[in-house]
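full-length UniProt numbering applies: residue 1 is where the sequence shown begins, and numbers increase by one. The block underneath contains the structure these notes are about, expressed in structure tokens.
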Amino acid sequence: MNVTAILFAVLALGGLGVVFGVVLSIADKKFAVEVDERVAQVRECLAGANCGACGYAGCDAFAEAVVSGHAKPNGCPAGGAKTAQAIAAIMGVEVSTEAPMVAKVICQGEAGVARERYEYAGYQSCQMASQMAGGPKKCPYACIGLGDCVAVCAFGALHIENGLVRVDEKKCTACGNCVKACPRHSIQLKPLNATVIVRCQNGDTGRTAREACMKACIGCKRCVKECKYDAIKVEDGFAVIDPDKCTRCGACAKVCPSGCITVEQ
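Next up, the structure:
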């Protein structure tokens with residue numbers, strides 16, 4: 001092959017490269033999809049955990065949904081009121097912010113308090129254990145304590161201690177993933193200022209509930225009689241507090257014979 005042929009080949013390839021480059025440049029401009037700059041602005045306001053609590057695949061998807069009008073500015077539980085207000089300012093709208101929420105454990109059935117039906121030695125999953133003869137704890141409503149909720153928490157707000165899940169409320173963002181993961185519904189989202197909590201949801205008779213757990217609500221209604229504000233009732237066999245009526249005086253906790261009502265400082 002002589003020099004002329006090599007030069008011709010190089011020029012031909014270079015020419016094709018220039019042609020393809022021009023074509024791609026034109027196509028890029030013609031078919032370019034305009035991106036609303038507000039998407040990036042909203043994305044910067046989010047917690048960035050991609051926890052999915054908003055109902056979308058992640059923070060990017062949620063930001064796009066907000067700008068397109070398919071999601072509300074206050075749709076990010078992890079971000080809370082501050083994030084909602086920031087997004088609302090970007091979108092030029094007003095948004096109502098609800099009282100801050102936090103995950104609360106509605107159970108005190110730790111080891112030595114909740115009686116065990118058998119010793120579980122299988123795969124460490126609450127979901128799996130709950131399907132094995134009703135679960136290792138005798139109470140069918142008790143926290144199983146194998147950490148399904150811990151595994152889904154993107155903020156490190158949960159841990160297992162003595163067979164019971166604990167919540168670090170300073171780290172909790174109320175995303176709700178732990179609530180969804182619990183097969184016993186032992187975790188619920190409650191108002192942050194709801195410091196008087198009935199930590200039992202056993203609807204069995206008082207005797208049966210007490211046989212399963214030493215801190216079970218027995219439905220005795222002493223708390224109902226003691227409350228001067230009509231803030232507590234016994235429904236479905238266990239006490240329930242109305243946070244809007246509760247003054248957090250703690251009188252109900254003082255008369256509870258099983259200690260299933262707690263008052264947080």
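We put the CB at the ideal spot given by N, CA and C, even for glycine.
Problem set entry | Under the three-state DSSP convention, the category Lys-138 falls into | Lys-138 sits in coil when the DSSP states are folded into three classes, being neither helix nor strand.
Exercise. Quick one: Cα of Thr-247 to Cα of Asn-193, how far?
Worked result: Cα-Cα distance, rounded: 10 Å.
For this session: Starting from Ala-239, trace the alpha helix (DSSP H) both ways and give me its first and last residue.
Result: Per DSSP, Ala-239 belongs to no alpha helix (DSSP H); it is in the beta strand (DSSP E), 238-241.
Problem set entry | Simplified DSSP state of Met-132, which is helix, strand or coil | Annotated three-state conformation of Met-132 is coil, per DSSP.
Exercise. Taking the alpha-carbon positions, what's the Glu-116 to Gln-85 distance?
Worked result: So the alpha carbons of these two residues sit roughly 47 Å apart.
Exercise. Can you list, in chain order, the residues of its chain whose CB lies under 8 Å from that of Lys-72, leaving out five sequence neighbours each side?
Worked result: Answer for Lys-72: Val-66, Val-95, listed in chain order.
Problem set entry | Close Cβ partners of Ala-181 (< 7 Å) along its chain, the five nearest in sequence each way excluded | The residues Asp-148, Cys-149, Val-152, in chain order, have a CB closer than 7 Å to that of Ala-181 in the same chain once the five nearest residues on each side in sequence are set aside.
For this session: Would you tell me roughly how many angstroms separate the C-alpha atoms of Pro-183 and Leu-146, rounded to the nearest one?
Result: Spanning the two alpha carbons is a distance of roughly 11 Å.
Problem set entry | Residues near Cys-59 by beta carbon distance below 7 Å, same chain, minus five either side | Around Cys-59, the same chain offers Arg-43, Leu-46, Gly-48, Asn-50 as residues with beta carbons nearer than 7 Å, after the five sequence neighbours per side are excluded.
Exercise. Leaving out the 5 sequence neighbours to the left and right, which residues in its chain are closer than 6 Å to Tyr-120 when beta-carbon positions are compared?
Worked result: Sequence-distant Cβ neighbours of Tyr-120 in its own chain, meaning closer than 6 Å and more than five residues away, are Ala-129, Pro-136.
Exercise. Three-state secondary structure (DSSP) at Glu-211?
Worked result: Glu-211: helix per DSSP, three-state reduction.
Problem set entry | Same chain, Cβ closer than 7 Å to Cys-223, neighbours up to 5 away in sequence not counted | Listed in chain order, the non-local C-beta contacts of Cys-223 below 7 Å within the same chain comprise Ile-232, Ala-239, Cys-252, Val-255, Cys-256, Ile-261, local neighbours out to five positions each way being set aside.
For this session: Give me whichever residues DSSP pairs with Thr-262 in a beta bridge.
Result: Answer is Ile-197, bridged to Thr-262.
Exercise. How do the region 164-174 and the region 204-222 stand: do at least 3 beta-carbon pairs fall below 8 Å, yes or no?
Worked result: The region 164-174 is not in contact with the region 204-222.
Exercise. Is the region 197-213 in contact with the region 169-181, if contact means three or more CB pairs nearer than 8 Å?
Worked result: No, because fewer than three Cβ pairs between the region 197-213 and the region 169-181 fall closer than 8 Å, the two stretches do not touch.
For this session: Ignore the nearest five residues each way along the sequence and tell me which others in Ala-53's own chain have a CB closer than 7 Å to its CB.
Result: Excluding positions up to five away in sequence, the list reads Pro-77, Ala-78, Cys-175, Gly-176, Asn-177.
For this session: Measure the C-alpha to C-alpha separation of Ile-87 and Lys-225 and round it to an integer number of angstroms.
Result: Rounded to the nearest angstrom, the two C-alpha atoms are 46 Å apart.
For this session: Report yes if the C-beta distance between Val-263 and Val-196 is below 8 Å; otherwise report no.
Result: The Cβ atoms of Val-263 and Val-196 sit closer than 8 Å to each other.
For this session: Assign Arg-166 to one of three DSSP states: helix, strand, or coil.
Result: Three-state DSSP puts Arg-166 in a strand.
Exercise. So is residue 266 buried or exposed if we call it buried at 16+ other beta carbons inside 10 Å?
Worked result: The displayed coordinates of the chain run from 1 to 265. Any statement about residue 266 would go beyond what the structure contains.
Exercise. Considering only residues of the same chain and omitting the five flanking positions on each side of Lys-138, which have a CB-CB separation below 8 Å?
Worked result: Closer than 8 Å at the Cβ level, and outside the excluded window around Lys-138, lie Ala-114, Arg-115, Glu-116, Arg-117, Glu-211, Ala-212, Cys-213.
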